[in-house]
Amino acid sequence: MMPFINKRVKQKAAFSFFSLISVMVVAILFIILGFIIVRGASVINWEFLTAMPDEGMTKGGILPAIVGTLCLVAGSMIFAFPVGVLSAIYLNEYLKENWLKKFMRSMTNNLAGIPSIVFGLFGMALFVNKLKFGDSILAGSLTLGLLALPVIIRTTEEALKSVPDHLRIGSYALGATKLQTIRRVVLPIAAPNITTGLILSISRVSGETAPILFTVAAYFIPKLPHSIFDQAMALPYHLYVLTTSGTNIKESMPMAYGTAFVLIMLVLLANLLANTFRHYFSKKNKMN
Numbered sequence: 394m395m396p397f398i399n400k401r402v403k404q405k406a407a408f409s410f411f412s413l414i415s416v417m418v419v420a421i422l423f424i425i426l427g428f429i430i431v432r433g434a435s436v437i438n439w440e441f442l443t444a445m446p447d448e449g450m451t452k453g454g455i456l457p458a459i460v461g462t463l464c465l466v467a468g469s470m471i472f473a474f475p476v477g478v479l480s481a482i483y484l485n486e487y488l489k490e491n492w493l494k495k496f497m498r499s500m501t502n503n504l505a506g507i508p509s510i511v512f513g514l515f516g517m518a519l520f521v522n523k524l525k526f527g528d529s530i531l532a533g534s535l536t537l538g539l540l541a542l543p544v545i546i547r548t549t550e551e552a553l554k555s556v557p558d559h560l561r562i563g564s565y566a567l568g569a570t571k572l573q574t575i576r577r578v579v580l581p582i583a584a585p586n587i588t589t590g591l592i593l594s595i596s597r598v599s600g601e602t603a604p605i606l607f608t609v610a611a612y613f614i615p616k617l618p619h620s621i622f623d624q625a626m627a628l629p630y631h632l633y634v635l636t637t638s639g640t641n642i643k644e645s646m647p648m649a650y651g652t653a654f655v656l657i658m659l660v661l662l663a664n665l666l667a668n669t670f671r672h673y674f675s676k677k678n679k680m681n
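Below you can see the structure in the form of structure tokens.
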């Protein structure tokens, strides 16, 4: 009887400990969000969101930074998402278990661990200088796309692995080809988890500063970009400049908190949109 009681006590203690850790993590998240919201919400108004920056960025708005960030995120996902998904399909569905597959997975994991500033240096060397794109949205988007690629590949591959093999076998038994099986059986079932990779990659690239510092970001451009070969402002770099290199840092701090608030809201909205697609695919799979 005593060992059973000890086991129950240990189980309750472990459960309480894990619950406490979970509550602490959520509390930290709400503290950070609350800190930014309290300090940044007072700055948010229509002019702040739609006007051009003025007077050394201590007044006016952040519209060019918002548009620049959206362009960079969209551009990076247009490049990284299809390339990442196709790479994961090749790794999981076509490539057999051998040294090459292990090597490619190892390199993908290593690529995910490379510091973002190294991606920035590589992007500057390749896209800005070698390919002559210059400091532009195109160069910045491709650099951020490379940064997001490992995350998309790994999450997509794990999503494809979660699809039961008997569904593939059943599809082959009905006469479907491998490509038809992937398109009509595997991908629809894996779509909700693939969307998770999209969410994680959007969250990462939207807040990166180092890669865009070398490839696209400008200190002060009071106008909107007109093509993918233009420089652009971006919210992460704009926030960095306001808090470290502004003409009057004390006066620019309210705008810095407002910029951080807008950046967080954009990331949350992107995640909400991606989660909507995730639930749509999940519901569609259940109906089928």
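Heads up, the sequence shown is in our numbering, so the first residue is 394 and it goes up one at a time.
Beta carbons: idealized from backbone N, C-alpha and C, even for Gly.
All of these numbers come straight from a predicted model, not from anything done at the bench.
Alpha carbon of ALA532 to alpha carbon of LEU665, nearest angstrom: Taking the sequence shown and counting its residues from 1, one reaches residue 532 at position 139. Taking the sequence shown and counting its residues from 1, one reaches residue 665 at position 272. Here the alpha carbon of ALA532 sits roughly 28 Å from the alpha carbon of LEU665.
Straight-line gap, TYR565 to LYS571 (C-alpha atoms, nearest Å): Sequence index remark: in the sequence shown, residue 565 carries index 172 (1-based). Sequence index remark: in the sequence shown, residue 571 carries index 178 (1-based). One alpha carbon belongs to TYR565, the other to LYS571, and they sit about 7 Å apart.
DSSP bridge partner residues for PRO446 (one or two, in chain order): One-based indexing of the sequence shown puts residue 446 at position 53. Residue pairing of PRO446 in beta bridges, as defined by DSSP: GLY453.
Proximal residues to ALA584 (C-beta, below 6 Å), its chain only, five neighbours per side dropped: Position 191 of the sequence shown, counted from the start, is the residue given in the question as residue 584. Sequence-distant partners of ALA584 (beyond 5 residues in either direction) whose C-beta falls short of 6 Å from its own C-beta, in its chain, are PHE674.
Option nearest ASN438 by Cα separation, candidates GLY427, ILE425, ILE455 and ILE621: Along the sequence shown, one-based indexing puts residue 438 at 45. Closest option to ASN438, Cα to Cα, is ILE455.
Among PHE515, LYS489 and LEU484, the one whose alpha carbon lies nearest that of MET500: Working through the sequence shown from its first residue, we reach residue 500 at position 107. Out of PHE515, LYS489 and LEU484, LEU484 has the C-alpha closest to the C-alpha of MET500.
Cβ neighbours of TYR650 in the same chain (closer than 6 Å, five flanking residues each side left out): Numbered from 1 along the sequence shown, position 257 holds the residue referred to as residue 650. Here the set comprises ARG432 and GLY433.
Option in LYS523, PHE496, LYS525 and THR536 with minimal Cα separation from PHE512: Here the question's residue 512 lines up with position 119 in the sequence shown. Selected option, being the one with the closest Cα: THR536.
6 Å Cβ shell around ILE459 - same chain, five flanking residues per side excluded: Along the sequence shown, read from residue 1 onward, the residue named residue 459 stands at position 66. Result list for ILE459: empty, nothing under 6 Å.
Anticipated Cβ contact below 8 Å, SER534 with GLY468, distance rounded: Numbered from its first residue, the sequence shown carries residue 534 at position 141. Numbered from its first residue, the sequence shown carries residue 468 at position 75. Right, the Cβ-Cβ distance comes to about 3 Å (below 8 Å), so this counts as a contact.
C-beta contact flag for SER529 and PRO604 at 7 Å: Residue 529 sits at position 136 when you count from the first residue of the sequence shown. Residue 604 sits at position 211 when you count from the first residue of the sequence shown. No, they are not a contact pair.
Three CB pairs or more closer than 8 Å across the stretch 576–596 and the stretch 545–553: Segments in contact, yes.
PRO604 - containing alpha helix (DSSP H), residue span: Residue 604 sits at position 211 when you count from the first residue of the sequence shown. Boundaries of the alpha helix (DSSP H) harbouring PRO604: 603–608, taken from the DSSP string.
Environment of GLY538 [buried if 16+ CB atoms lie within 10 Å]: To locate residue 538, count along the sequence shown from 1; it is residue 145. Per the 10 Å Cβ criterion, buried.
Paired residues, beta bridge with ALA625 - DSSP: As a first step, residue 625 must be located in the sequence shown, where it is residue number 232. Looking at the DSSP assignment, ALA625 forms a beta bridge with ALA610.
Cβ-based burial, SER645 [other Cβ within 10 Å; buried from 16]: Here residue 645 corresponds to residue number 252 of the sequence shown, with the count starting at 1. With 16 or more Cβ atoms within 10 Å of its Cβ, SER645 is classed as buried.
Nearest-angstrom Cα separation, counted from MET417 out to GLY568: Here the question's residue 568 lines up with position 175 in the sequence shown. Here the question's residue 417 lines up with position 24 in the sequence shown. Roughly 53 Å separates the two Cα atoms.
Residue nearest to TYR633 in terms of C-alpha spacing, selected from ILE614, GLY600 and MET658: For the purposes of this step, residue 633 is identified with residue 240 of the sequence shown, where counting begins at 1. The shortest CA-to-CA distance from TYR633 to any of ILE614, GLY600 and MET658 is the one to GLY600.
Continuous alpha helix (DSSP H) assignments of at least 4 residues falling wholly in the stretch 562–602: Entirely contained in the stretch 562–602, the alpha helix (DSSP H) runs reaching 4 residues are, in chain order, 571–574 and 580–599.
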